[in-house]
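Here the structure is laid out as structure tokens; the discussion comes afterwards.
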Amino acid sequence: MVVIRCDMKKAEKEELNQLFLSVVRLFGKKCWICKKPFDVNESFVFHHRDYRDEEKAYSDFRLPNGQLDRLNYHRYLIPIIKIHYKEFRLVHNSHHWLGETFARAKPPQFERMVKMAREINKRRYSNKTVK
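The working numbering numbers the first residue of the sequence shown as -11 and each following residue consecutively.
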């Protein structure tokens, strides 16, 4: 149910699903990267294209035990998304993780990583039709 901690109560899981469902239509109900349709049983996140001044990040929301507080973060974020949805992308968590990992590289390394990824992609899909 949309990357939910095992220790979340059923009501919290349902509320988190409802929060996601309230805005996914703004993103065409699909992942921005792979274009697969949104599914509450898959792991989706909202990628910030840029943070607004004084906007809180996910890391600002913690439970008393130190774990990240996904529910309260989305209670905070969803109203912002409803107003400024063009500043976000709906993506699978795995795609977001990959993008964040790539983005940590300094510009010269980033360009080489992109070049290598293009080479791998070309080799992998050169004899296949890509959608």
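A virtual CB, placed ideally from N, CA and C, is assigned to each residue, including glycine.
A quick note: this is a predicted structure, and the numbers were derived from the prediction, not measured.
Report all residues from its chain with a CB closer than 6 Å to the CB of residue -7; omit the five preceding and five following residues, and keep chain order.
-> Because the pLDDT at residue -7 is just 46, under 50, the model does not fix this residue reliably, and the value given afterwards should be weighed accordingly. Nothing meets the Cβ criterion.
Taking buried to mean at least 16 other C-beta atoms within 10 Å of its own C-beta, is residue 55 buried or exposed?
-> It is exposed - the Cβ of residue 55 has fewer than 16 other Cβ atoms within 10 Å.
Given a threshold of 16 other Cβ atoms within 10 Å of its Cβ, counted over all protein chains shown, does residue 61 qualify as buried or as exposed?
-> Taking all protein chains shown into account, residue 61 has 16 or more neighbouring C-beta atoms within 10 Å of its C-beta and is therefore buried.
Environment of residue 22 [buried if 16+ CB atoms lie within 10 Å] | Its Cβ having fewer than 16 others within 10 Å, residue 22 is exposed.
Tell me where the alpha helix (DSSP H) around residue 34 begins and ends.
-> No alpha helix (DSSP H) contains residue 34, which is instead part of the beta strand (DSSP E) from 32 to 36.
Residue 75 versus residue 103: straight-line alpha-carbon distance, rounded = Those two C-alpha atoms are separated by around 27 Å.
What's the call for residue 72, buried or exposed, on a 16-neighbour Cβ count within 10 Å?
-> The residue is exposed, with fewer than 16 neighbouring Cβ atoms inside 10 Å.
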